[in-house]
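See below for the structure under consideration.
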Amino acid sequence: MLLEAIEHRPKLNWAYTVDHETIHLRIRTQKNDVERIFVIGGDKYAWDRTREETAMRVFATDALYDYWECEIKPPYRRLKYGFRLESGSDKVWMNEDGFHHTERETSDDFYEIAYINPEDILQTPDWAKNAVFYQIFPERFANGDTSIDPENVQPWGGKPEVDSFFGGDLEGIHQHLDYIADLGVNAVYFTPIFKAPSNHKYDTEDYMQLDPHFGDIDTLKKLIAECHGRGIRVLLDAVFNHSGKTFKPFVDVKDKGEKSQYKDWFHVREFPIDVKDGIPTYETFSFEPNMPKFNTGHPEVKKYLLEAARYWIGEIGFDGWRLDVADEVDHKFWREFRNVVKEANPEAYILGELWHEATPWLQGDQFDSAMNYPFTYAVRNFVALEQTDALKFSHSLATQLARYPLPVSQAAFNLLDSHDTERMLTVAGGDKNKLKLSVAIQMTYPGTPCVYYGSEVGIDGGADPDCRKCMEWDESKQDRELHGFYRKMIALRLEHSALRTGSFDVLHAEAGGRTIAYRRQDGEGMFIVALNASETAQSVEVEAGRSGAWSVLYAGGADKQPQTEGSLSAGGGKLTIELPAYGYAVLQAE
469 MLLEAIEHRP KLNWAYTVDH ETIHLRIRTQ KNDVERIFVI GGDKYAWDRT
519 REETAMRVFA TDALYDYWEC EIKPPYRRLK YGFRLESGSD KVWMNEDGFH
569 HTERETSDDF YEIAYINPED ILQTPDWAKN AVFYQIFPER FANGDTSIDP
619 ENVQPWGGKP EVDSFFGGDL EGIHQHLDYI ADLGVNAVYF TPIFKAPSNH
669 KYDTEDYMQL DPHFGDIDTL KKLIAECHGR GIRVLLDAVF NHSGKTFKPF
719 VDVKDKGEKS QYKDWFHVRE FPIDVKDGIP TYETFSFEPN MPKFNTGHPE
769 VKKYLLEAAR YWIGEIGFDG WRLDVADEVD HKFWREFRNV VKEANPEAYI
819 LGELWHEATP WLQGDQFDSA MNYPFTYAVR NFVALEQTDA LKFSHSLATQ
869 LARYPLPVSQ AAFNLLDSHD TERMLTVAGG DKNKLKLSVA IQMTYPGTPC
919 VYYGSEVGID GGADPDCRKC MEWDESKQDR ELHGFYRKMI ALRLEHSALR
969 TGSFDVLHAE AGGRTIAYRR QDGEGMFIVA LNASETAQSV EVEAGRSGAW
1019 SVLYAGGADK QPQTEGSLSA GGGKLTIELP AYGYAVLQAE
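Written as structure tokens, this is what we have:
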């Protein structure tokens, strides 16, 4: 056994509590190096009476490592534990003191979880784990009240520019709630709606005021109430990293310099504030002079922003926050932010915009989860761009699942595109079959899927601002077949709990191959998802995990009409699945 490859820590994603009695333990080993691992655990005050061995299982495998896990319920909410690793006749014991080739006589140097304190339990909202989101860019979704249009509004459907306005508003969203509900989603995510001079509203002027071009508070409250009445949760976007150029405290600093009472609300290096050689003399988002960065350690700044965080959740009724540029704000602020938000609504979902590995924010004291861009680009590289093979794709998924505790992964925000990226259809070169295959993965993978408005009817678009086109409401110009596919995949996910929060096991993925199959399973059912990301038909054989019949819930591809009937038989536990070009199949064990 390669001992140098073995890793475990009694914290982070390696050891965490998920409820008042349950602990998850994980350990990493070199790939295909260890055959069996057992946890030797018990209560530190009653070791002899409580000592038990628990077998671990491999739950993920990437290019270099196997990741093992198990679940333990200590009788008194305390756990001392070590590991025994076996390969053939070789045995190694691992504890806090290192590796040993003989079993330890006592548990004195074992790892320890001293006590399962309720306040330390890593919990994410159950509704978020079971949600399918629909992202709306309010300025581009629908114009429902022309009386509040900006002065320079353009005809609906024109080419979007950085500074263009088309008059989208809250009443427009309200008028299309039937459409949103019919799609089948049970959550919506609005990009910012605070008063701001831009069309995107990420340059906030007033965190306590709704932008008048979107409507008034009564319209907003009515919209949220009707969403809730339909079983649809509502997530609001905000940027607490920086304000906009018209934010009154920043205007005061610009006018008064060092004499401004707000000068310490920002990070100013030199007065009077200016831009020299393209670099502002104060900290900003990127080097954008119109987005000055907050000093979130300042008591007055913190008070102002946290009151905004409480107000929109507690008084207006939003169900959570999506936090822009979250990784540039200090951790202390986010811890206080979580306390304020969860006090206003314990079930609020706190989602950070984090484009990379996000472990420091996902320990239960800051965010519930993060925007899962590593998933986005793994799918793009495998399906749309064909830059990776099936094996590397499966490794990317495994690495991501191993990074975070299970409750975080179950609530990870899995998107294919957004207002910040090219549309997936454009990335796929306009190939609708590749888009559908990507959606099939998104809707059957652990985490919380999000559909970017209009993708379901074939809207394309390059980088910002082209990805922010007006929603197409003329059905004759919509791709209704694609819309039907989205509806079916969303319905499948919401109908079967295993496709949302069940276990995930890769059954087939080969080097150089373009096919992948995986199993989703919980106490309510077992499913196999098979996908072919190539332009030719393929046959996939998998170890199904059981003999017997399998129902075809939904299948289709480039040269095959979708089907929802049929069955396959797994003889001897093996199941052969025929997939057309860019084909997909979702099977359920009968």
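Last residue of the sequence shown: number 1058 in our numbering, and the count goes up by one each step with no gaps. Yeah, the Cβ is synthetic: ideal placement off N, Cα and C, and Gly gets one too.
- When C-beta atoms of the region 962-976 are compared with those of the region 932-946, fewer than three pairs fall below 8 Å, so the two segments do not count as touching.
- When Cβ pairs closer than 8 Å are counted between the two stretches, the region 914-923 is seen to touch the region 600-613, the count reaching three or more.
- The C-beta separation of threonine 1004 from alanine 1049 comes to about 6 Å, placing the pair in contact by the 8 Å criterion.
- Bounds of the beta strand (DSSP E) holding glutamate 1046 are 1042-1047.
- Looking at the backbone, the Cα of histidine 492 and that of alanine 866 are separated by about 17 Å.
- Per DSSP, reduced to three states, the secondary structure at serine 711 is coil, with no helix or strand assignment.
- Between tyrosine 533 and lysine 479, the CB-CB gap reaches or exceeds 8 Å.
- DSSP places glutamine 878 in the helix class (H, G or I) of the three-state scheme.
- Between the alpha carbons of arginine 803 and tyrosine 544 lies a gap of roughly 29 Å.
- Along the region 527-613, the beta strand (DSSP E) occurs as fully enclosed runs of 3 or more residues at 533-540, 547-555, 558-563, 566-568, 579-581, 601-604, listed in sequence order.
- Membership of serine 1019 in the beta strand (DSSP E) is indicated by the continuous run 1016-1025.
- Positions of the alpha helix (DSSP H) runs, each at least 4 residues long and wholly inside the region 781-829, are given as 799-812 in order along the chain.
- For alanine 977 against serine 862, the beta-carbon gap comes to about 4 Å, under 8 Å, which counts as contact.
- In the structure shown, valine 702 adopts extended strand secondary structure according to DSSP, grouped into three states.
- Distance from the CA of aspartate 588 to the CA of glycine 832, rounded to the nearest whole angstrom, comes to 7 Å.
- Contact between the region 777-794 and the region 564-572 is not established, with fewer than three Cβ pairs separated by less than 8 Å.
- When secondary structure is reduced to three states using DSSP, aspartate 674 falls in the strand class.
- Listed in chain order, the alpha helix (DSSP H) elements of length 4 or more contained wholly in the region 936-1024 are 948-963, 966-969.
- For proline 478, the three-state secondary structure derived from DSSP is coil.
- Setting aside the 5 residues that flank it on each side, histidine 644 is surrounded in the same chain by Ala610, each with a C-beta closer than 6 Å to its C-beta; the list follows chain order.
- The three-state secondary structure of tyrosine 513, taken from DSSP, is coil.
- Your pair aspartate 637 and glycine 683 checks out as a contact, with CB atoms roughly 5 Å apart and the cut at 8 Å.
- Note on threonine 752: 16 or more other CB atoms within 10 angstroms of its CB, so buried under the neighbour-count rule.
- Taking each of Ala664, Asn585, Tyr583, Tyr647 in turn and checking the Cα distance to proline 618, the smallest one comes out for Ala664.
- Assigned with DSSP and collapsed to three states, methionine 469 falls in coil, not helix or strand.
- A contact between stretches requires three or more CB pairs, one per stretch, nearer than 8 Å, and the region 1037-1045 meets this requirement with the region 1001-1016.
- Taking C-beta atoms as the reference points, tyrosine 513 and proline 873 fail to come closer than 8 Å.
- Spatial neighbours of aspartate 613 in its own chain (CB-CB distance under 7 Å, excluding positions within 5 residues in sequence) are listed in chain order as Asp637, Glu639, Gly683.
- When the five nearest sequence neighbours on each side are left out, the beta carbons in the same chain lying within less than 6 Å of the beta carbon of alanine 879 are those of Thr592, Ala596, Lys597, Asp836, Ser837, Thr916, in order along the chain.
- The three-state reading of DSSP puts leucine 853 in coil, since its state is none of H, G, I, E or B.
- Around the beta carbon of glycine 980, fewer than 16 other beta carbons sit within 10 angstroms, so the residue counts as exposed.
- Judged by DSSP secondary structure, proline 917 falls outside any alpha helix (DSSP H) and instead within the beta strand (DSSP E) spanning 916-920.
- Boundaries of the alpha helix (DSSP H) around alanine 858: 858-871.
- Within the DSSP bridge table, the entry for methionine 839 names Phe881 as partners.
- Taking the Cα positions, proline 933 is about 24 Å away from proline 748.
- Glutamine 1056 has Phe995, Ser1019 as its beta-bridge partners, per DSSP.
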